Amino acid sequence: MIGCSGFLIRNGFLRCAGQLFTVPEVMNIPRHIAIIMDGNGRWAEQRRLPRIFGHQQGVESVRRVVRECLALGVSHLTLYAFSSENWGRPADEVAALMELLARFLAQELDSLMREEIRLRVIGDITLLPSAVRRILDQTIQRSSGNGRLVLTLALSYGARDEILRAVRRLVHQAVEGSLTLDEIDETHFAANLDTAGLPDPDLLIRTSGEMRVSNFLLWQLAYAEFFFSEVLWPDFSAEELRKAIEDFGARQRRFGLTARQDSAET
Ligand code: FPP
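Positions 1 to 266 (our numbering) are the ones given, in order, by the sequence shown.
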């Protein structure tokens, strides 16, 4: 029997919010999964379709992965939906992505509430179109009391940008006298990042065969396990997610200790 984020997994079943879910086998479920959803454009190009069709299909993968995370008892899911570099894409692709995002939020509000999903966002959302910001703010506020799954969207997000914003906040606190240099430790620094209050990701998944971090959660991924999938994001299935989780379960996480020290602690 494994205790996981307040959920219990027993005999291949997972009990959550009074309901029993089947789990393919008892697995070491990561508390926080972060995903770089890559390959939408290639998926569309392979079918001679405009790139936006790949993004539309990518939204279906988002829905599938959220459902599977709920079923498995993953408590935090963070999705790289739009990077600070993505603003440089053709204007029509950016506009279509913003529209998709606004539509997704409008369509999903009821199910977020029903499934007790809390929405959060990281990134410089001041740059988002006001219509998207409005619906984001509403959804974040309405879902703020939910606690079964924290779904964080990285929007207009770049990790270097996030780190710089944290540094500026800390310098500001130091200059105005509310922070001394000795008080700046890892905990205090992390509390000034956009991800304040979130646990660090245990597992990072990147789809489409690319093996890069692309300016995503550079601070927070310090001890994450990485899983690179060949599958393009629009084809990413519940089975592929379980494969990543099973692979994660077989890893030995040492956090800088030796294998012997690590097994002595557990
Ligand atoms: C990367 O594929 C994907 C993106 C830049 C956008 C991801 C967006 C979605 C999955 C849809 C909207 C999201 C939500 C949460 C509603 P790419 O276009 O870089 O693919 P390529 O490398 O094959 O060109």
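We put the CB at the ideal spot given by N, CA and C, even for glycine. Just so it is clear, the structure is predicted and the values come from calculations on it, not from any experiment.
*Answer yes or no: do Ile117 and Ser143 have a C-beta to C-beta separation smaller than 8 Å?*
yes
*asked:* Buried or exposed for Ser178, going by 16 or more other Cβ atoms inside 10 Å?
replied: exposed
*CB of Leu101 to nearest heavy atom of ligand 1: below 7 Å?*
In this structure, the C-beta of Leu101 approaches ligand 1 to less than 7 Å from one of its heavy atoms.
_Euclidean distance between Cα positions of Pro234 and Leu221_ = 24 Å
*Buried or exposed: which applies to Glu25, given that a residue is buried once 16 or more other Cβ atoms fall within 10 Å of its Cβ?*
No answer about Glu25 holds up, because its pLDDT of 44 lies below 50 and its placement is not dependable.
*Which whole runs of the beta strand (DSSP E) in the stretch 63-147 are 3 residues long or more, in chain order?*
76-83, 117-122
*Nearest-angstrom Cα separation, counted from Arg169 out to Ala96*: 33 Å
*What separation, rounded to the nearest whole angstrom, lies between the Cα atoms of Ala91 and Ser111?*
31 Å
*ligand 1 heavy atoms versus the CB of Ala166: any closer than 7 Å?*
no
_Tell me the DSSP secondary structure of Phe328 in three-state form._
Since the first residue of the chain shown is 1 and the last is 266, residue 328 is not available in this structure.
*Might you give, ordered along the chain, the residues of its own chain that have their beta carbon closer than 7 Å to the beta carbon of Asp38, omitting 5 neighbours on each side?*
Cβ neighbours of Asp38 beyond the five flanking positions: Arg206, Thr207, Ser208, Glu210, Trp233.
*Continuous alpha helix (DSSP H) stretch holding Phe216: start and end*: Segment: none, Phe216 is in no alpha helix (DSSP H) and carries neither H nor E.
*Mind checking Phe82: buried by the 16 CB within 10 Å criterion, or exposed?*
Phe82 should be labelled buried.
*Let me know if Asp137 comes out buried or exposed under the rule of 16 or more other beta-carbons within 10 Å of its beta-carbon.*
exposed
*Nearest residue (CA-CA) to Val121, options Gly88, Pro199, Thr152, Arg148*: Thr152
*asked:* Could you check whether Ala238 and Phe227 sit closer than 8 Å to each other, using their CB atoms as the reference points?
replied: no
*Any idea which residues DSSP pairs Val150 with across the strands?*
His76, Arg118
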